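Q:
There are 2 protein chains.
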Amino acid sequence: MEHQAANLISSARRTLLICHVSPDGDAIGSILGLGLALRRRNQDVVMACADPVPESQSYLPHADEIVQSPSGVFDLVVSLDCSDLERLGTAYDPQQLAGIPIVNIDHHQTNIRFGQLNWVEPTAAATAQMLVRLVAALDVPLDVEIAACLLNGIVTDTRGFRTSNTSPEVMKTVSELMNAGASLPELTDRIFNHRPLGTIRLWSLVLPHMRLDHRILWGEITQDMRREADYAGNGDAGLVNFMSTADEADIAVVFDELSDGHINVSMRAMPGYDVSRVALELGGGGHAQAAGCTLPGPIEEARADVLERLQSAWYQQGQME
Amino acid sequence: MEHQAANLISSARRTLLICHVSPDGDAIGSILGLGLALRRRNQDVVMACADPVPESQSYLPHADEIVQSPSGVFDLVVSLDCSDLERLGTAYDPQQLAGIPIVNIDHHQTNIRFGQLNWVEPTAAATAQMLVRLVAALDVPLDVEIAACLLNGIVTDTRGFRTSNTSPEVMKTVSELMNAGASLPELTDRIFNHRPLGTIRLWSLVLPHMRLDHRILWGEITQDMRREADYAGNGDAGLVNFMSTADEADIAVVFDELSDGHINVSMRAMPGYDVSRVALELGGGGHAQAAGCTLPGPIEEARADVLERLQSAWYQQGQME
Chain A
-14 MEHQAANLIS SARRTLLICH VSPDGDAIGS ILGLGLALRR RNQDVVMACA DPVPESQSYL
46 PHADEIVQSP SGVFDLVVSL DCSDLERLGT AYDPQQLAGI PIVNIDHHQT NIRFGQLNWV
106 EPTAAATAQM LVRLVAALDV PLDVEIAACL LNGIVTDTRG FRTSNTSPEV MKTVSELMNA
166 GASLPELTDR IFNHRPLGTI RLWSLVLPHM RLDHRILWGE ITQDMRREAD YAGNGDAGLV
226 NFMSTADEAD IAVVFDELSD GHINVSMRAM PGYDVSRVAL ELGGGGHAQA AGCTLPGPIE
286 EARADVLERL QSAWYQQGQM E
Chain B
-14 MEHQAANLIS SARRTLLICH VSPDGDAIGS ILGLGLALRR RNQDVVMACA DPVPESQSYL
46 PHADEIVQSP SGVFDLVVSL DCSDLERLGT AYDPQQLAGI PIVNIDHHQT NIRFGQLNWV
106 EPTAAATAQM LVRLVAALDV PLDVEIAACL LNGIVTDTRG FRTSNTSPEV MKTVSELMNA
166 GASLPELTDR IFNHRPLGTI RLWSLVLPHM RLDHRILWGE ITQDMRREAD YAGNGDAGLV
226 NFMSTADEAD IAVVFDELSD GHINVSMRAM PGYDVSRVAL ELGGGGHAQA AGCTLPGPIE
286 EARADVLERL QSAWYQQGQM E
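The listed protein sequences derive, respectively, from chains A and B.
Sequential numbering from -14 applies to the first sequence in the working numbering.
Sequential numbering from -14 applies to the second sequence in the working numbering.
1. Quick check: the Cα distance between B/P153 and B/E213, rounded to an integer number of angstroms?
2. Looking only at C-alpha atoms, which of A/G270, A/V140, A/L172 sits nearest to A/D11?
3. Determine the closest residue to B/V345 out of B/L135, B/C4, B/M(-14), B/R26, with distance taken between C-alpha atoms.
4. Quick one: using the 10 Å Cβ neighbour count with 16 as the cut-off for buried, is A/G84 buried or exposed?
5. Can you say whether B/N(-8) is buried or exposed, counting buried as having 16 or more other CB atoms within 10 angstroms of its CB?
6. Counting along the chain, where does the beta strand (DSSP E) carrying A/G277 start and finish?
7. Check distances from the C-beta atoms of the region 113 to 129 of chain A to those of chain B and list, in chain order, the residues that come in under 9 Å.
8. State the DSSP-derived secondary structure class of B/G14, mapped to helix, strand or coil.
9. Check each candidate in B/H47, B/Q28, B/P55, B/D198 and name the one with the smallest Cα separation from B/A35.
10. Output the residue ranges of the alpha helix (DSSP H) runs that lie fully inside the region 177 to 223 of chain A and measure 4 residues or longer, sorted by chain position.
11. What are the residues that DSSP puts in a beta bridge with B/R(-1)?
12. Just the chain A side, please: which residues come within less than 9 Å of B/I185 by C-beta, in chain order?
13. Is it buried or exposed, A/N96, if we count other Cβ atoms within 10 angstroms and call 16 or more buried?
14. Of all the CB atoms in chain A, is at least one closer than 8 Å to the CB of B/R211?
15. Considering only their Cβ atoms, is the gap separating A/P170 from B/S149 smaller than 8 Å?
16. Alpha carbon to alpha carbon, what distance is there between A/V6 and A/G74?
17. When the Cα of B/L267 is compared with those of B/V291, B/A254, B/Q94, which residue comes out closest?
18. Compare the beta carbon distance of B/G18 and B/I201 with 8 Å and say whether it is the shorter of the two.
19. Can you tell which of A/T279, A/L127, A/R294, A/A231 has the C-alpha that lies nearest to the C-alpha of A/M163?
20. Would you decide whether A/D215 is buried or exposed? Buried here means 16 or more other CB atoms lie within 10 Å of its CB.
21. Measure from the alpha carbon of B/E(-13) to the alpha carbon of each residue in B/Y258, B/Q94, B/I90, then state which is nearest.
22. Report the rounded CA-to-CA distance for B/E293 versus A/E242, giving the unit in angstroms.
23. Residues in the same chain with beta-carbon distance under 7 Å from B/T108, minus the five sequence neighbours each way, listed in chain order, please.
24. What first and last residue would you give for the beta strand (DSSP E) that runs through A/A237?
25. From the beta carbon of A/F146, is the nearest beta carbon of chain B less than 8 Å away?
26. Starting from A/V88 and walking both ways along the alpha helix (DSSP H), at which residues does that stretch end?
27. Cutting at 6 Å between CB atoms, please list the residues of its own chain near A/S229, excluding the five before and the five after it.
28. Can a CB atom of chain A be found closer than 8 Å to the CB of B/R366?
29. Going along the region 254 to 283 of chain B in order, which residues come within less than 8 Å of chain A, judged by CB to CB distance?
30. Return the residues of the region 83 to 95 of chain A that lie within a Cβ-Cβ distance of less than 7 Å from chain B, sorted by chain order.
31. Nearest by alpha-carbon distance to A/L23: which of A/S43, A/L45, A/V38, A/R(-1) is it?
32. Using a Cβ-Cβ cutoff of less than 7 Å, which residues in the same chain neighbour A/F177 once the five nearest sequence positions on both sides are dropped?
33. Below 8 Å on the Cβ atoms is my contact criterion, and I expect B/V191 with B/G204 to pass it. Report the Cβ-Cβ distance as a whole number of Å.
34. For B/T151, which residues in chain A fall below 7 Å Cβ to Cβ?
35. Go through its chain and collect everything with a Cβ distance to B/C134's Cβ below 6 Å, but skip five positions before and after it.
36. Provide the residue span of the alpha helix (DSSP H) that contains B/N164, from first to last.
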């Protein structure tokens, strides 16, 4: 499939590369890795994402050349790491791009095959992993910049080789990217060993109040805590993942009070338990092991509702074992 | 070198495999990986370590067959992952083993070459990584048990591929071990995603009192906190590593009050700073980025002394940049 994609891409005159909104390390690494490869071939390419490149990814070479609103005329669109057209956000303007063929390159199971060419490999650990083969099919030798971008995609999407789709093939690809000059230690240090002190302060405010009810460990982030911690980031700062490592818990939950009063609920379950059904019941979604939803406040009501549902799910699932 | 080692080992009648005291995942994984390989050849082998196999490593196949006091007659000793004879502890009895040749297989820079054959590769990320080549030289095909033990050694010693000696060669070896049936996701989940709730409770007691002085972030673990957290483990429960991830700190320190009143001091430094000199001044040791020492209590005095030395080291090192 990479050869079909390479044929289409290599004959394009001006290519638009786009990835999903709220881009992660695989989205940005993929755009840059493929974008740089096309430039090595002297192909005209525009790299775009509807949302700005997140701070954590801005260190990648040429990250500042990713635009939010692509302009001009294109004869090919390559969508990267994105499961449907809507997730491309405003970077994909259906009027501007009407009739322009789309090459859809992705590894999400949920991809709806919206392209003219759909290269979707749900077993790949990252879109960047697939692109290593595409770059080879385009006859572009891996160099340190391309390799660093693609390695960034693989390392972030596998959370440092810890997801279940980290195959022997992934490790071989990583070895190849390192041989091309990408520094794995530098990259993992940058991705996993740095956080603002505000994050640690937020943990120090949340953890003393966490509670273990039966085998459900839960905690709360209030707006007051965010202010006190001087924590500027969105989300739960990694708390629910950390709490889910407790041996004594089968399920971990963090209730996160948003500035508009809504409550973001992040849930994690050990293998054998499933939090996605409770998330679905409450209008959210996710996987068995990681799911979430957003509820109206106040936090006490959201908490009571979710914990009751989780207790009953936990009980039923425990019975089924 | 693996072929010389293989020649000696394959002609031995009864081999003693030993590793260092306070064994880690590389020591135990190496003993088991090589021990199982010799058994596949129907060679007589005894696996020994002066200290018991730690709980975290006891899941490895045949871990319960590692003895603390080896007995009987041997004609070869293989020392694994150990830099000198003393570090073998009581598992190496110089009288019992007088005159028996030692094959010394290790990756520590500090290895003093105490064997008759010394195969020391300081660039290897783990002794287990070297053993993959030895197993091949012994003509033993990798099977799932051998591969799991050796992968365990590599993953633990590289902290999940995050140390600077994680080379492309390491990743290729990992790919090989996975192809032989070892499950990397299972292994990383086991090693990195599980901790007793007491650990999290200890964090919740220490973090609210941490302090940032200039660019030194420090915290204290008292005996009272250990009791309140019901934390049974030794050491700082990973706190100093976590605190050292703060962007605002160049140095992190944890003062850990021991049950006998002594204070264990664990220090971490960002690249560009060096905490080993302060550790050495105070009778401890370590590397530039990670060092420690043990001081008499009370904790307030130890803290005042260490922080003053670190501030002055920090100032001097900052000047040198």
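Glycine included, every Cβ here is placed at the ideal spot set by N, Cα and C.
Just so you know, these numbers come straight off a predicted model, no measurement behind them.
A: For this structure:
1. 45 Å
2. A/V140
3. As displayed, chain B neither begins before -14 nor continues past 306, which places residue 345 of chain B out of reach and without an answer.
4. exposed
5. exposed
6. 275 to 280
7. none
8. helix
9. B/P55
10. 182 to 191, 208 to 214
11. B/D29
12. L192, M195, L202, F227, M228, T230, A231
13. buried
14. no
15. yes
16. 6 Å
17. B/V291
18. no
19. A/L127
20. exposed
21. B/I90
22. 41 Å
23. N150
24. 236 to 242
25. yes
26. Per DSSP, A/V88 belongs to no alpha helix (DSSP H); it is in the beta strand (DSSP E), 87 to 91.
27. A237, R253
28. Here chain B has residues from -14 to 306 only, and residue 366 of chain B is not among them.
29. none
30. none
31. A/R(-1)
32. G145
33. 5 Å
34. L169, P170
35. G14, L17, G18, L45
36. 153 to 164
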